[in-house]
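To convert, take the position in the sequence shown, counting from 1, and add 7; that gives the numbering used here.
Notes follow once the structure below has been shown.
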Amino acid sequence: MNFSNNRVCRLFGIQYPIIQGGMVWAAGWKLASAVSNAGGLGLVGAGSMKPELLREHIRQMTSATSNPFGVNIPLASKYSADQVTVCLEEKVKIVFTAAGSPKLHTARLKDAGIAVVHVVPNALLAQKVADAGCDAVVAEGTEAGGHNGRELLTSLVLWPSVADAVTIPFIAAGGIGDGRAMAAAFALGAEGVQLGTRFAVTKESSAHEAYKQACVQATGGAARIYNFGHMPIRSLLNDYVQQFCEMEAAGESVESLQTFRGQGRSKRGVFEGDIAGGELVAGQTCEAIRDIPTVQELMTRLLTEFESACTSLNR
8 MNFSNNRVCR LFGIQYPIIQ GGMVWAAGWK LASAVSNAGG LGLVGAGSMK
58 PELLREHIRQ MTSATSNPFG VNIPLASKYS ADQVTVCLEE KVKIVFTAAG
108 SPKLHTARLK DAGIAVVHVV PNALLAQKVA DAGCDAVVAE GTEAGGHNGR
158 ELLTSLVLWP SVADAVTIPF IAAGGIGDGR AMAAAFALGA EGVQLGTRFA
208 VTKESSAHEA YKQACVQATG GAARIYNFGH MPIRSLLNDY VQQFCEMEAA
258 GESVESLQTF RGQGRSKRGV FEGDIAGGEL VAGQTCEAIR DIPTVQELMT
308 RLLTEFESAC TSLNR
């Protein structure tokens, strides 16, 4: 399909308006470069990286692809300011930010000629992103894996409200696992899509094989929301999540829950493959994931399904 007039493609200089989410523990340079080489936009997920490790991944990216790529920086990370500095020093051209104020680093990044995109869970915040001077906004519905907005807005409600609220390009995220969902997002006003879980379950993803198999085998609403300190997190139901929810229901203090969750719980689940005791961050799209393709195979499938869905709608 020809996306030459698509604003997201023109903004990033990519062939297809498909962005790979910067998932912690899954989105290293191997996955991101494969997505960029396939015509989409690969993002290095900086959330789990100290600044020098991020620098290494960026340099690996520049060796692995000549196509555009970006870095995803969670602003809540204690390393975020230093990660921004690394992106500036390494002359990264695209930065996605989340979990913080879009005003924090946008001016500094844009002064260096960097395209800036921020992730939001509602239309009011999307307007603030536009006001902050960001080039585009990602609107992520509650179907997504990992941290969710407290409003828990579904994508079907969120996407058209954001399309009505801003004039900058908006990228849909949350619950997109195939080309049909991509077509639905475009029908609701999106000009691009961001996929997380579906790209995490590919051969090039740095997620552990056991995690990928857990997503493939997930059924019956396995990707559940649980609340960590009033912050909703979507993860596959396992022994850890079950025990956490039981402790919360029994009235355990936030401090006790924090102690139980501890440090590195998502690393244990996604990166190390601790299926029972780790946090298996995943979106509801895992319900429909039944294989572990290469990135190129997945991209080809997404575009074929998208075109077929659009043709069907036109009829």
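Ideal placement from N, C-alpha and C gives every residue a C-beta, glycine not left out.
In this structure, Ile21 lies away from Val200, with their beta-carbon atoms at least 8 Å apart. Shown here, His215 sits in coil according to DSSP, grouped into three states, outside any helix or strand. For Pro176, DSSP assigns no beta-bridge partner whatsoever. A distance of 8 Å or more separates the beta carbons of Val127 and Phe103. If you check the CB distance, Ala83 and Ser212 do not come in under 8 Å. The beta carbons of Pro239 and Leu159 sit about 6 Å from each other, so the pair counts as a contact at 8 Å. Short of 6 Å from the beta carbon of Gln67, and not among the five residues preceding or following it, lie these beta carbons of its own chain, in chain order: Trp36. If you draw a straight line from the Cα of Asp246 to the Cα of Gly120, it is about 47 Å long.
Of the candidates Ser87, Thr174 and Asn129, the residue whose Cα lies closest to the Cα of Ala180 is Asn129.
In the DSSP annotation of this structure, His64 is not part of any beta strand (DSSP E); the continuous alpha helix (DSSP H) holding it starts and ends at Pro58 to Ala71. Note that the stretch 256-267 does not touch the stretch 206-225; fewer than 3 beta-carbon pairs, one per stretch, sit closer than 8 Å. A Cβ-Cβ separation of about 7 Å places Val302 in contact with Leu38 under the 8 Å criterion. Just so you know, the alpha carbons of Ile299 and Tyr218 end up roughly 11 Å apart. According to DSSP, Leu202 shares a beta bridge with Gln27.
With a contact defined as Cβ atoms closer than 8 Å, Leu305 and Gly186 miss out at about 10 Å. Between Glu294 and the set Thr266, Ser87 and Leu243, the nearest pair of CA atoms involves Leu243. For Leu48, there is no enclosing beta strand (DSSP E), as DSSP gives it neither H nor E.
Contact annotation, Ile175 with Ala114: C-beta distance approximately 16 Å; criterion of less than 8 Å not satisfied. For Val208, there is no enclosing alpha helix (DSSP H), as DSSP gives it neither H nor E. Comparing C-alpha distances from Gln224 to each of Gly284, Val173, Ala289 and Gln270 shows the shortest one belongs to Ala289. Scanning the stretch 242-316 for uninterrupted alpha helix (DSSP H) segments of 4 residues or longer gives 246-256 and 261-268, listed from N- to C-terminal end. Between Tyr233 and Phe251 the beta-carbon gap is near 6 Å, inside 8 Å, which marks them as a contact. Sixteen is the threshold: since fewer than 16 other Cβ atoms of the shown chains lie within 10 Å of the Cβ of Glu314, the residue is exposed. The distance from the Cβ of Ala146 to that of Phe177 is about 6 Å, consistent with a contact at the 8 Å cut-off.
Counted as a single uninterrupted DSSP element, the alpha helix (DSSP H) harbouring Thr92 occupies residues Ser87 to Glu96. Pairing Tyr86 with Lys110 gives a Cβ-Cβ distance that is not under 8 Å.
Arg241 places its beta carbon less than 8 Å from that of Ala151. In the three-state reduction of the DSSP assignment, Thr149 falls in the coil class. Residue pairing from DSSP places Ile240 in a beta bridge opposite His154 and Tyr233. Bounds of the beta strand (DSSP E) holding Thr104 are Ile101 to Ala105.
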